[in-house]
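What follows is a short report on a single structure.
Number of protein chains: 2
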Amino acid sequence: MARTAGSHSDITGPRVLKAALQLFARHGFAAVSMRQIAAQVGVQAGALYNYIPDKQTLLFDLMRTHMEELLSAWQDEAGADTAPARLERFTRFHIRYHLERPDEVFVSYMELRNLTPDNFSVIEALRRRYEDQLEAILRDGAQSGDFDVPDPKVATMAVIAMVTGVTTWYRTAGRLTVDEVQEIYWQMVRKGVSA
Amino acid sequence: MARTAGSHSDITGPRVLKAALQLFARHGFAAVSMRQIAAQVGVQAGALYNYIPDKQTLLFDLMRTHMEELLSAWQDEAGADTAPARLERFTRFHIRYHLERPDEVFVSYMELRNLTPDNFSVIEALRRRYEDQLEAILRDGAQSGDFDVPDPKVATMAVIAMVTGVTTWYRTAGRLTVDEVQEIYWQMVRKGVSA
DNA sequence: AGCATAACTGAACACACGTTCAAATCAATC
DNA sequence: GATTGATTTGAACGTGTGTTCAGTTATGCT
């Protein structure tokens, strides 16, 4: 039941989020107006407020959803194994997952400045939880002697930055497949932390 | 001669650029108003237009200046040598130069979307020229057998993303000196491209 | 002291912003 | 086909935007 007469908010709602995500990714949060989002959905600006409380919360929800889904997807993929095996899985997962969601990634990495302090803290904590996954792998590998990583925290930031960077240049129509990119990056990561 | 009575635009002018750079870095180009910049300079908004043609050109000039100075600084530092030696010099230079100019780097990497197409092309070309410096080093090293780099273009993007990433987490008051950071990253880069 | 000019103010321009809300419209149920 | 309530419109709100410019102030030179 729940839904009764004249309802199709279950269609418009997702379309609002998708339009906002696309426009934020393309032009930046501050440069996109509610009227632009509404136009992309094919609706007047006022109608958006049936689906979102305000523009700030819209941005926050997009970013929170992305980070939570990222963490959840990694939990599904992660598993007990040697540090090198887990590092390879993390590297390939990160590249694949991020290349499949360029808009979400772009917004989540570029619009942190436009979050209110409270919202920023939440997203920052989620990001930190994800980075901790990699840091734990590097620490384990360092302890077992598989890796030579003098500073796991710095190495974590270095590896994350490197693999996230694919999103800035990779084009589906380009000369490389995602598999090829994963392989190239994995070899660089593997050697970069090797003992 | 040139300058005559009542002139101190040579004081206000640079202050406008500096204030704009700081505010753009902190809040983003689109989120900063001309009145905010003027307030930081201690002047009314109209006075800014003695020093800049418009907001877009202000952003463009900040980015162009940064990229040109970056290229020029590297030209001063680059020199003939083996590929590994040049790669080490590039890595250390890039980290030091970028950590010394966090605002310029932030703006130049984050506000590309807010440039008009013409201005974007100019900045993109300058960025490309800088990346080409690294790519040439990697190609030379691959040819000489010093490096194992199956795809120099991709390796260039990977190394650039990795070393540029320091600007997102490094804090002067933190536990590491710039020298220590340079050393950690250089070891990762060195191993990552090693044969 | 007076002049020339650089520097700046303060108000105005037209337009766009996020958000609200009464009224109109729509689609499903009876 | 009438009723009901979800959905959307369209106008309005107060505020802020980048930019212009006539008028005022400040500075350095003679």
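Line order of the protein sequences matches chains A and B. Under our numbering, the first residue of the first sequence carries the number 370, and numbering increases by one thereafter. Under our numbering, the first residue of the second sequence carries the number 370, and numbering increases by one thereafter. Glycine included, C-beta positions come from ideal geometry on N, C-alpha and C.
Using the C-alpha atoms, what's the distance from residue j back to residue i?
{"i": "residue 384 of chain B", "j": "residue 410 of chain B", "result": "6 Å"}
{"i": "residue 413 of chain A", "j": "residue 406 of chain B", "result": "34 Å"}
{"i": "residue 456 of chain B", "j": "residue 561 of chain A", "result": "15 Å"}
{"i": "residue 429 of chain A", "j": "residue 428 of chain B", "result": "27 Å"}
{"i": "residue 340 of chain B", "j": "residue 557 of chain A", "result": "The requested residue 340 of chain B is not part of the displayed model; chain B covers only 370 to 564."}
{"i": "residue 477 of chain B", "j": "residue 495 of chain A", "result": "27 Å"}
{"i": "residue 421 of chain A", "j": "residue 435 of chain A", "result": "17 Å"}
{"i": "residue 481 of chain A", "j": "residue 389 of chain A", "result": "16 Å"}
{"i": "residue 484 of chain B", "j": "residue 479 of chain A", "result": "16 Å"}
{"i": "residue 544 of chain A", "j": "residue 545 of chain B", "result": "40 Å"}
{"i": "residue 399 of chain B", "j": "residue 424 of chain A", "result": "15 Å"}
{"i": "residue 486 of chain A", "j": "residue 539 of chain A", "result": "32 Å"}
{"i": "residue 437 of chain A", "j": "residue 450 of chain A", "result": "24 Å"}
{"i": "residue 533 of chain B", "j": "residue 490 of chain B", "result": "21 Å"}
{"i": "residue 458 of chain A", "j": "residue 502 of chain B", "result": "32 Å"}
{"i": "residue 467 of chain A", "j": "residue 447 of chain B", "result": "35 Å"}
{"i": "residue 445 of chain A", "j": "residue 517 of chain B", "result": "33 Å"}
{"i": "residue 527 of chain B", "j": "residue 419 of chain B", "result": "42 Å"}
{"i": "residue 381 of chain B", "j": "residue 488 of chain B", "result": "25 Å"}
{"i": "residue 549 of chain B", "j": "residue 555 of chain B", "result": "10 Å"}
{"i": "residue 564 of chain B", "j": "residue 426 of chain A", "result": "49 Å"}
{"i": "residue 392 of chain B", "j": "residue 396 of chain A", "result": "19 Å"}
{"i": "residue 506 of chain B", "j": "residue 529 of chain B", "result": "13 Å"}
{"i": "residue 508 of chain A", "j": "residue 441 of chain B", "result": "40 Å"}
{"i": "residue 470 of chain B", "j": "residue 439 of chain B", "result": "10 Å"}
{"i": "residue 559 of chain A", "j": "residue 460 of chain A", "result": "9 Å"}
{"i": "residue 443 of chain A", "j": "residue 454 of chain B", "result": "39 Å"}
{"i": "residue 415 of chain B", "j": "residue 415 of chain A", "result": "35 Å"}
{"i": "residue 513 of chain B", "j": "residue 547 of chain A", "result": "29 Å"}
Note down, in chain order, every chain B residue with its Cβ under 8 Å from the Cβ of residue i.
{"i": "residue 482 of chain A", "result": "395, 396, 397, 400"}
So residue i packs on residue j, CB below 8 Å; how close in whole Å?
{"i": "residue 465 of chain A", "j": "residue 551 of chain A", "result": "7 Å"}
{"i": "residue 345 of chain A", "j": "residue 500 of chain A", "result": "Since the displayed chain A opens at 370 and closes at 564, residue 345 of chain A lies outside it and no answer follows."}
{"i": "residue 523 of chain A", "j": "residue 553 of chain B", "result": "5 Å"}
{"i": "residue 531 of chain B", "j": "residue 531 of chain A", "result": "4 Å"}
{"i": "residue 536 of chain A", "j": "residue 475 of chain A", "result": "7 Å"}
{"i": "residue 452 of chain B", "j": "residue 515 of chain B", "result": "5 Å"}
{"i": "residue 403 of chain B", "j": "residue 386 of chain B", "result": "Actually they do not touch by this definition, with Cβ atoms about 14 Å apart."}
{"i": "residue 349 of chain B", "j": "residue 504 of chain B", "result": "With chain B covering 370 to 564 only, the question about residue 349 of chain B has no answer from this structure."}
{"i": "residue 472 of chain B", "j": "residue 542 of chain B", "result": "With 8 Å as the limit, residue 472 of chain B and residue 542 of chain B do not qualify as a contact, their Cβ atoms being about 17 Å apart."}
Got a sec, what are the start and stop residues for the alpha helix (DSSP H) residue i sits in?
{"i": "residue 486 of chain B", "result": "486-513"}
{"i": "residue 459 of chain A", "result": "452-468"}
{"i": "residue 444 of chain A", "result": "424-446"}
{"i": "residue 410 of chain B", "result": "403-410"}
{"i": "residue 472 of chain A", "result": "471-479"}
{"i": "residue 548 of chain B", "result": "547-562"}
{"i": "residue 421 of chain A", "result": "Careful: residue 421 of chain A lies outside any alpha helix (DSSP H) and carries neither H nor E."}
{"i": "residue 521 of chain B", "result": "521-533"}
Using a C-beta to C-beta distance shorter than 7 Å, which residues of chain B count as neighbours of residue i?
{"i": "residue 388 of chain A", "result": "Neighbours of residue 388 of chain A on chain B: none; closest Cβ ~17 Å, over 7 Å."}
{"i": "residue 553 of chain A", "result": "519, 520, 523"}
Can you name the residues of chain A whose CB is closer than 7 Å to the CB of residue i?
{"i": "residue 538 of chain B", "result": "526"}
{"i": "residue 560 of chain B", "result": "560, 561, 563"}
{"i": "residue 531 of chain B", "result": "527, 530, 531"}
Below 8 Å on C-beta distance, what does residue i contact in chain A?
{"i": "residue 344 of chain B", "result": "Past the edges of chain B, shown from 370 to 564, lies residue 344 of chain B, and the structure says nothing about it."}
For a test of your reading of the model: does the CB of residue i fall under 7 Å from any non-hydrogen atom of the ligand FMN? Yes or no.
{"i": "residue 403 of chain A", "result": "In the structure shown, the ligand FMN is absent, as is every other ligand, since no ligand is present at all."}
Using a C-beta to C-beta distance shorter than 9 Å, which residues of chain A count as neighbours of residue i?
{"i": "residue 403 of chain B", "result": "Here the premise fails: no neighbours, minimum Cβ distance about 14 Å."}
{"i": "residue 534 of chain B", "result": "526, 527, 529, 530, 531, 533, 534"}
For a contact defined as C-beta to C-beta under 9 Å, what are the partners of residue i on chain B?
{"i": "residue 499 of chain A", "result": "Under the 9 Å cutoff, chain B gives no residues; its nearest Cβ is about 14 Å from residue 499 of chain A."}
Quick one, which residues of the segment 513-525 of chain A are near chain B if we go by CB-CB under 9 Å, in chain order?
517, 518, 519, 520, 522, 523, 524
Residues of the segment 463-480 of chain A with Cβ closer than 7 Å to any Cβ of chain B, in chain order
479
With 7 Å as the C-beta to C-beta threshold (strictly closer), list the residues of the segment 433-446 of chain B near chain A in chain order.
none
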